[in-house]
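Here the structure comes first, spelled out in structure tokens, and everything after it is commentary.
Protein chains: 2
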Amino acid sequence: MAITSTRAAGHSIGQAAALSGVNAETIRYFERIGLIPRAGRMSNGRRTFGPEHLRRLAFIRQARELGFAQSDVRQLLGLADGAPGSCAKVKVIVDANMQAIRGKIARLRRLEEVLKAVSASCANGTRPDCPVIEALMHDAPAALSRGA
Amino acid sequence: MAITSTRAAGHSIGQAAALSGVNAETIRYFERIGLIPRAGRMSNGRRTFGPEHLRRLAFIRQARELGFAQSDVRQLLGLADGAPGSCAKVKVIVDANMQAIRGKIARLRRLEEVLKAVSASCANGTRPDCPVIEALMHDAPAALSRGA
DNA sequence: TCTTGCTCCTGTAGTTACTACAGGACCTAT
DNA sequence: ATAGGTCCTGTAGTAACTACAGGAGCAAGA
Chain A
1 MAITSTRAAG
11 HSIGQAAALS
21 GVNAETIRYF
31 ERIGLIPRAG
41 RMSNGRRTFG
51 PEHLRRLAFI
61 RQARELGFAQ
71 SDVRQLLGLA
81 DGAPGSCAKV
91 KVIVDANMQA
101 IRGKIARLRR
111 LEEVLKAVSA
121 SCANGTRPDC
131 PVIEALMHDA
141 PAALSRGA
Chain B
149 MAITSTRAAG
159 HSIGQAAALS
169 GVNAETIRYF
179 ERIGLIPRAG
189 RMSNGRRTFG
199 PEHLRRLAFI
209 RQARELGFAQ
219 SDVRQLLGLA
229 DGAPGSCAKV
239 KVIVDANMQA
249 IRGKIARLRR
259 LEEVLKAVSA
269 SCANGTRPDC
279 PVIEALMHDA
289 PAALSRGA
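Chains A and B are the protein sequences, given in the same order. Position 48 of the first sequence, counting from 1, maps to 48 under the working numbering, and the rest follow consecutively. Position 37 of the second sequence, counting from 1, maps to 185 under the working numbering, and the rest follow consecutively.
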């Protein structure tokens, strides 16, 4: 849209990256896939980013760090942009992600137990036959059979 | 190597998939990238899998389920194949993965806390302005700043 | 003025670990 | 003969970026 002069009003992509914590190449990628609107260009073709862009980038980064999938982020942005009173939908997405995270935690805790046992069986690591390899070769770790 | 007759000695890829729990297409992929040795072929070109292949596939599946990266699996298989007395190296890999898993668990627990707070702030989800969106837009969740 | 170095541009390919499909061959049974 | 199932190879798609190639602009120092 707005094509500004070379003396920029907004931030360069490098500045936007530093300010938002999103890698510059990733910002271009987000623009390409439409996760953020197309940034303004200066007369030399370089992007300028205003505060609204920075807020959006920060939002995306936070959401991604919280483990939201890109599709979730897209939905949340859509809800944030348009649809008033869509807070309930937002809560659904957040709660679904919280459930997923709790599931992951439970699963990882089981994995930790298995690995701890396996590492302990290795003891000092001086035995000629490796019990770890043997264990992985033959057993289905009981802790994993449930709820893969 | 061994080209068998049509009446097979070993298992078909479908059977191998069922027995090992590894998808048939994934088995072909593993063969292609050299994670398993090239399976024998029957006179009609179809693969046959013997018990050694099945053990290897089971091993890979277990290790992947335990969160080992493919590169780790490859190393472990190498250690299992050759190098006697390499149990110590195996232990190193296992322990590194255990550390990684513990880190993931800690991180996910922090995420859970943030999401729980965020979801609670949403309460009944009937407010016109969504505090979740606002929170993600503006705040850097303190729990995440450390140890990303 | 030239040169060095930085940032930026577009477009494409690589990454991880698979999964899915296209298009064809073969096998088994009715 | 024909229908359905399994298998083959090879390629392309997935998520979510990251990295690179090849080029252009810009600012500052010698």
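Note that beta-carbon positions come from the ideal geometry of N, C-alpha and C, so glycine has one too.
Where the alpha helix (DSSP H) through residue i begins and ends
{"i": "residue 162 of chain B", "result": "161-168"}
{"i": "residue 64 of chain A", "result": "51-65"}
{"i": "residue 175 of chain B", "result": "172-180"}
Alpha-carbon spacing of residue i relative to residue j, whole angstroms
{"i": "residue 217 of chain B", "j": "residue 241 of chain B", "result": "10 Å"}
{"i": "residue 142 of chain A", "j": "residue 113 of chain A", "result": "Because residue 142 of chain A carries a pLDDT of 37, less than 50, the predicted location of this residue cannot be relied on, and the following value inherits that uncertainty. The straight-line gap from Cα to Cα measures roughly 11 Å."}
{"i": "residue 172 of chain B", "j": "residue 79 of chain A", "result": "41 Å"}
{"i": "residue 204 of chain B", "j": "residue 176 of chain B", "result": "14 Å"}
{"i": "residue 197 of chain B", "j": "residue 212 of chain B", "result": "20 Å"}
{"i": "residue 207 of chain B", "j": "residue 100 of chain A", "result": "27 Å"}
{"i": "residue 162 of chain B", "j": "residue 200 of chain B", "result": "16 Å"}
{"i": "residue 186 of chain B", "j": "residue 169 of chain B", "result": "19 Å"}
{"i": "residue 165 of chain B", "j": "residue 174 of chain B", "result": "9 Å"}
{"i": "residue 32 of chain A", "j": "residue 77 of chain A", "result": "16 Å"}
{"i": "residue 42 of chain A", "j": "residue 250 of chain B", "result": "47 Å"}
With 16 other Cβ atoms within 10 Å as the buried cut-off, status of residue i
{"i": "residue 106 of chain A", "result": "exposed"}
{"i": "residue 184 of chain B", "result": "buried"}
{"i": "residue 178 of chain B", "result": "buried"}
Contact under 9 Å by Cβ, residue i with residue j
{"i": "residue 12 of chain A", "j": "residue 61 of chain A", "result": "no"}
{"i": "residue 54 of chain A", "j": "residue 19 of chain A", "result": "yes"}
{"i": "residue 10 of chain A", "j": "residue 40 of chain A", "result": "yes"}
{"i": "residue 220 of chain B", "j": "residue 192 of chain B", "result": "no"}
{"i": "residue 89 of chain A", "j": "residue 75 of chain A", "result": "yes"}
{"i": "residue 256 of chain B", "j": "residue 108 of chain A", "result": "yes"}
{"i": "residue 95 of chain A", "j": "residue 269 of chain B", "result": "no"}
{"i": "residue 252 of chain B", "j": "residue 104 of chain A", "result": "yes"}
Range of the contiguous beta strand (DSSP E) that encloses residue i
{"i": "residue 38 of chain A", "result": "That residue, residue 38 of chain A, is in no beta strand (DSSP E); it is neither H nor E in DSSP."}
Beta bridge counterpart(s) of residue i as assigned by DSSP
{"i": "residue 48 of chain A", "result": "A/40"}
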